Amino acid sequence: MSTTTTLESNTPATLKLRSAEVEKKEEQPYRYAHLLPHFSHDHYPPLTPFEHVDPGHRALSHPNPRSFLDNATVVELTPSLGNEVHGVSLANLSDEGRDQLALEVTRVDPSPVDAKSTFNFEIDESITTTVWHSDVSYELQPPGLTTFFLLAQPTTGGDTLFTSQVSTLKKLSPQFVAFLRTLKAVHSGVEQADFSRSGRRGGVVRREPVENIHPVVRRHPVTGEEALYVNRQFTRRIVGLKREESENILKFLYDHIDKSADNQARVKWQPGTVVIWDNRITAHSAIIDYKESLERRHGARITPQAERPIGAPELELDP
């Protein structure tokens, strides 16, 4: 049963509405203005291949690969994905501790961006802001361990969704997974670059876009676990299949990722929150539900490259 309380007063009340423009004028100088995105017209050469050795490998030889958590409090966010850790200073971790952290992120699965001034936003042309993706999966060697934190955030909203691509794969039947292991797909950065060239998102393309072929199921170099490796934002087609075949399989996989809430975790940002995830075995999506508030969501991301995705031994990736 709900209760409504009404307060009455004989004193006339005047309601004054402050315009967004007035509030903007009264804003204090932004503390992190020097870290806001800057769209220079510099052009970068293509990325070149290199040998990547995952730091988690070194932690495997430690007697206790989780010793960096000995004095920490760890809260499991969901059974499938994500731990919340309190009591670990990332700035003061030893080299050994950082290696252990790399391994821990792999086991638990979960560039400056300022959404006030560079709202990115293919999503303005869509009914939803949810766009599941793995960062720049079109590169020959896409990112591995990724670190992200917010310098400024809205009062409410602006959460980030994560999903475990290990769990999404495990939900599928063994026969279908065996078929997926035989497939490879084209990942493309062309559409993203064309969006920028159209005058939106800063209007600058610093590096010419690339397309690369990756396995639909990739294997983690440290744990050996398999994960689904397609995403709606950058995966374009499955190599060797007819167009309708490719479209239907990808649509099924995208819908499976979208709808599998039992594989997902939602991060609600607080000051000082740092999220570290393995880009190889997760997908994520920002939630842009605060646009009308005119508040700032300004983050910094550290996204080092990792190895070229590893598929089944018999899968030939080179043309």
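Taking the numbering used here, the leading residue of the sequence shown gets 198, the next gets one more, and so forth. Backbone N, C-alpha and C fix where the C-beta goes; we use that ideal spot for every residue, glycine too. Just so we're clear, the structure is a prediction, and the values are computed from it rather than from any experiment.
In this chain, the beta strand (DSSP E) harbouring Val471 covers 471-475. Taking the C-beta atoms as reference points, His330 is found nearer than 8 Å to Ala480. Gly421 and Glu513 have their C-alpha atoms some 19 Å from each other.
For the options Leu369, Asn289, Arg403, the alpha carbon positioned closest to that of Ser237 is the one of Arg403. For Ala382, the secondary structure class from DSSP, reduced to helix, strand or coil, is strand. In this structure Gln350 touches Arg494 by the C-beta definition: roughly 6 Å separates them, less than 8 Å.
By a beta-carbon distance limit of 8 Å, Asn428 does not contact Thr360. Their separation comes to about 10 Å. The C-beta separation of Lys465 from Asp356 comes to about 5 Å, placing the pair in contact by the 8 Å criterion.
Val387 sits in a helix when the DSSP states are folded into three classes. By the criterion of at least three beta-carbon pairs nearer than 8 Å, the segment 434-448 is in contact with the segment 374-383.
Within the model, the alpha-carbon separation for Glu444 versus Arg263 is close to 42 Å. Distances from the CA of Pro260 to each of Lys368, Gln297, His231 were compared; the closest alpha carbon is that of Gln297. Across the structure, Glu408 and Thr327 are spaced so that their CA atoms are roughly 23 Å apart. Here the segment 489-509 lies against the segment 246-253, with 3 or more beta-carbon pairs under 8 Å apart. Cβ neighbours of Val472 within its own chain (closer than 6 Å, five residues either side excluded): Phe345, Val464. Cβ contact annotation for Glu273 (same chain, cutoff 7 Å, sequence separation greater than five): Asn280, in chain order. Gln297 carries a helical assignment under DSSP once its states are collapsed to helix, strand and coil. Scanning Leu287, Leu232, Lys439 for the CA closest to the CA of Gly496 turns up Leu232.
For Asn445, the enclosing alpha helix (DSSP H) stretches over residues 440-456. According to the DSSP assignment, Ser482 belongs to no alpha helix (DSSP H) but to the beta strand (DSSP E) extending over 479-483. Distance from the CA atom of Val302 to the CA atom of Gly294, rounded to whole angstroms, is 12 Å. If you look at Ala497, you'll find it in the beta strand (DSSP E) that goes 495-499. Using a Cβ distance threshold of 8 Å, Val387 and Ser393 do not count as a contacting pair. Distance from Leu366 to Glu423 at the Cβ level is roughly 6 Å; contact confirmed, criterion being Cβ atoms closer than 8 Å.
Our two residues, Gln225 and Thr270, have alpha carbons roughly 36 Å apart in a direct line.
Sixteen is the threshold: when 16 or more other Cβ atoms of the shown chains lie within 10 Å of the Cβ of Tyr335, as they do, the residue is buried. Around the Cβ of Arg228, a 10 Å sphere holds fewer than 16 other Cβ atoms; the residue is exposed. Looking at the backbone, the Cα of Pro510 and that of Gly354 are separated by about 43 Å. Residue state for Ser361 is assigned as strand, using DSSP reduced to three classes. A straight line joining the alpha-carbon of Phe265 with that of Val419 spans about 19 Å. The criterion of a C-beta distance shorter than 8 Å is satisfied by Asn268 and Gly284.
By the C-beta density criterion, Ala458 is exposed, having fewer than 16 other C-beta atoms within 10 angstroms.
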